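Beneath this line is the structure, given in structure tokens, with notes to follow.
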Amino acid sequence: MLITGTLLLPDEREGGHGLRLSTGSLIVRNGRIAEVREGEPAGRPDLGGGDAMILPGFIDAHLHLPQFDSIGADGLELLEWLERVVYPAEARWADPDFAGAMALRACRQLASFGTTGIGAYLTVHHGASLAAARAVESFGLRGIVGQTLMDREAPAELTRPAMQLLAEADAFVESLKRRPRIEAAITPRFAIACSPELLVGAGAIAKRTGSPVQTHLAETEAECRRVAELFGGTPYTEVYERAGLLGERTILGHGIRLDDAERATLARTRSVIAHCPTANTFLRAGSMDRAGLLRAGVRLALGSDVAGGPDRSMVRVARAMLEVAKARGDAPPTAADCWRQITAGNAEALGWTDSGRITPAAWADLVVAAPDVPWRDAPDPPARLLYAWDDRWITATLAAGRLVYSRG
Ligand code: GUN
Ligand code: ZN
Numbered sequence: 235m236l237i238t239g240t241l242l243l244p245d246e247r248e249g250g251h252g253l254r255l256s257t258g259s260l261i262v263r264n265g266r267i268a269e270v271r272e273g274e275p276a277g278r279p280d281l282g283g284g285d286a287m288i289l290p291g292f293i294d295a296h297l298h299l300p301q302f303d304s305i306g307a308d309g310l311e312l313l314e315w316l317e318r319v320v321y322p323a324e325a326r327w328a329d330p331d332f333a334g335a336m337a338l339r340a341c342r343q344l345a346s347f348g349t350t351g352i353g354a355y356l357t358v359h360h361g362a363s364l365a366a367a368r369a370v371e372s373f374g375l376r377g378i379v380g381q382t383l384m385d386r387e388a389p390a391e392l393t394r395p396a397m398q399l400l401a402e403a404d405a406f407v408e409s410l411k412r413r414p415r416i417e418a419a420i421t422p423r424f425a426i427a428c429s430p431e432l433l434v435g436a437g438a439i440a441k442r443t444g445s446p447v448q449t450h451l452a453e454t455e456a457e458c459r460r461v462a463e464l465f466g467g468t469p470y471t472e473v474y475e476r477a478g479l480l481g482e483r484t485i486l487g488h489g490i491r492l493d494d495a496e497r498a499t500l501a502r503t504r505s506v507i508a509h510c511p512t513a514n515t516f517l518r519a520g521s522m523d524r525a526g527l528l529r530a531g532v533r534l535a536l537g538s539d540v541a542g543g544p545d546r547s548m549v550r551v552a553r554a555m556l557e558v559a560k561a562r563g564d565a566p567p568t569a570a571d572c573w574r575q576i577t578a579g580n581a582e583a584l585g586w587t588d589s590g591r592i593t594p595a596a597w598a599d600l601v602v603a604a605p606d607v608p609w610r611d612a613p614d615p616p617a618r619l620l621y622a623w624d625d626r627w628i629t630a631t632l633a634a635g636r637l638v639y640s641r642g
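So the sequence shown is numbered by my numbering: it starts at 235 and just counts up by one.
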């Protein structure tokens, strides 16, 4: 398949961290980018053309597939929102058929917003989690997906004994082993809903299997207070560290309330904080100190956290990251930083070396867009594209070289 247009490419002059825009073409073969050619393209393209922009597919490092029908339940504090909105929605996944169908619907929506990679929470139901993982895989997204583990402080229908959950987490890892595009994540929901035994067991499975870990950390004040009560005042980050849950494949959502020692622990263990700016605003959790975390050497990812965050578009989430930093009076990320974060940056955070970049041998996870504003001659083209971004610009989304969304 030949795709032509203006390519958003990694810029090797900035150690591969920058981005540059260049006219060119791509050849896609067997799900991967076989060739990248710069310069005026020759030949009739299968996708793209003169005015098209070709971007790496966006990656959402933290979201909840069972919450896609719960966007916009406003006015509640996190713990109340979980109880009144999220847990009832997740209870519907007792039916694996419902879960599989809903996961597929969520994938379709994500593809329409240009998202081709996800770090996703499922529910406590083992059967539903397997059905959802299969749906994500068959749809074609790349994903780290986890059965959510809860053995306390949640409705009885959503908790299981720790031993059962650990056996199921193990089985979940086993059943997704050696899949090219889907990987199981060990996913204790957060320290409130997990007994110390469950956390320690989860840490042991992650270590033994080399699986990624997903959980939430220090999102709201009430949550942090409850964690301190449940764990005898142990700092929140240390609760996870003692359970063996921190490491370079650990992605912790939010990370708003962290002291210097906790930041140092996260940096030392190379753990990743998934910044969720739209969710932090929606749930009035506070605002994350992105600049301070970066200064402390903490690795960052970016997530929509649907349905805590109402936006499914990672471009909107990236813009919120910039706007929150501005509102805090911090040095904001540049627009180029935003584009990088939702592509190569999130890929790096999830441990994916062959996603998030338009480069030979990477997965052909791509967005084809047709901006309706002049941008090539803008003073800062990435900023023009970020602020004027319109999801209707997306004409096609490819996941592993397959068309998963096409406009009209
Ligand atoms: N903390 C524990 N569970 C959740 C969740 O589902 N969403 C958010 N935003 N925070 C959480
Ligand atoms: Zn979350």
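Using N, Cα and C, we set each Cβ at its ideal position, and we do this for glycine too.
Keep in mind the model is a prediction, meaning the values are calculated, not measured.
Selection Glu-274, Asn-264 and Gly-265 evaluated against Leu-241 yields Glu-274 as nearest (Cα-Cα). DSSP, read as helix, strand or coil, puts Trp-597 in strand. No Cβ-Cβ contact shorter than 8 Å links Ala-452 with Glu-311. Taking every protein chain shown into account, the CB of Val-607 has fewer than 16 other CB atoms within 10 angstroms, so this residue is exposed. For Phe-516, the uninterrupted alpha helix (DSSP H) run begins and ends at 511-516, by DSSP. Shown in chain order are the residues whose CB sits closer than 6 Å to a heavy atom of the ligand ZN: His-296, His-298, His-450, Gly-487, Asp-539 and Gly-542. By the neighbour-count criterion, in which a residue is buried when 16 or more other Cβ atoms sit within 10 angstroms of its Cβ, Pro-511 is buried. DSSP places Ala-401 in the uninterrupted alpha helix (DSSP H) bounded by 396-409. Taking the Cβ of Ala-388 as the reference point, every heavy atom of the ligand GUN lies at 7 Å or farther away. Here Ala-561 is exposed. Its C-beta has fewer than 16 other C-beta atoms within 10 Å. Membership of Gly-380 in any alpha helix (DSSP H) is not indicated; the residue belongs instead to the beta strand (DSSP E) covering 376-380. For Glu-557, the uninterrupted alpha helix (DSSP H) segment begins and ends at 548-562.
Contact between the region 358-378 and the region 612-628 is absent, with fewer than three C-beta pairs closer than 8 Å.
Note that the C-beta distance between Ala-604 and Trp-627 is below 8 Å.
For Phe-516, the CB contacts under 8 Å within the same chain, skipping 5 residues up- and downstream, are Asp-308, Gly-542, Gly-543 and Pro-544 in chain order. In the DSSP assignment, Met-384 falls outside any beta strand (DSSP E), carrying neither H nor E.
A distance criterion of 7 Å places the beta-carbon of Ala-513 in contact range of the ligand GUN, judged by its closest non-hydrogen atom. In terms of Cα proximity to Thr-393, the closest of Cys-428, Leu-260 and Arg-339 is Cys-428. Going by DSSP, Ala-525 is part of the alpha helix (DSSP H) stretching over 524-529. If only complete runs of 4 or more residues are kept, the region 312-350 shows the alpha helix (DSSP H) at 312-315, 321-325 and 330-346, in order along the chain.
Residue state for Phe-373 is assigned as helix, using DSSP reduced to three classes. In the structure shown, the three-state DSSP call for Arg-636 is strand. Per DSSP, Val-461 has no beta bridge partner at all.
Within 7 Å of the C-beta of Val-551 there is not a single heavy atom belonging to the ligand GUN. Burial is judged here by how many other beta carbons sit within 10 angstroms of a residue's own beta carbon; Ala-495 has fewer than 16 and is exposed. In this structure, the CA atom of Phe-292 is about 14 Å from the CA atom of Asp-539. In this structure, the ligand GUN has no non-hydrogen atom nearer than 7 Å to the beta-carbon of Phe-292. Contact between the region 629-642 and the region 346-357 is present: three or more C-beta pairs spanning the two stretches fall below 8 Å. Assignment of Thr-587 by DSSP, reduced to helix, strand and coil, places it in the coil class. For Leu-316, the distance from the CB to the nearest heavy atom of the ligand GUN is below 7 Å.
Under the three-state reduction of DSSP, Thr-238 is assigned to strand. Boundaries of the beta strand (DSSP E) harbouring Arg-271: 266-272, taken from the DSSP string.
Between Val-558 and Arg-533, the gap from beta carbon to beta carbon reaches 8 Å or more.
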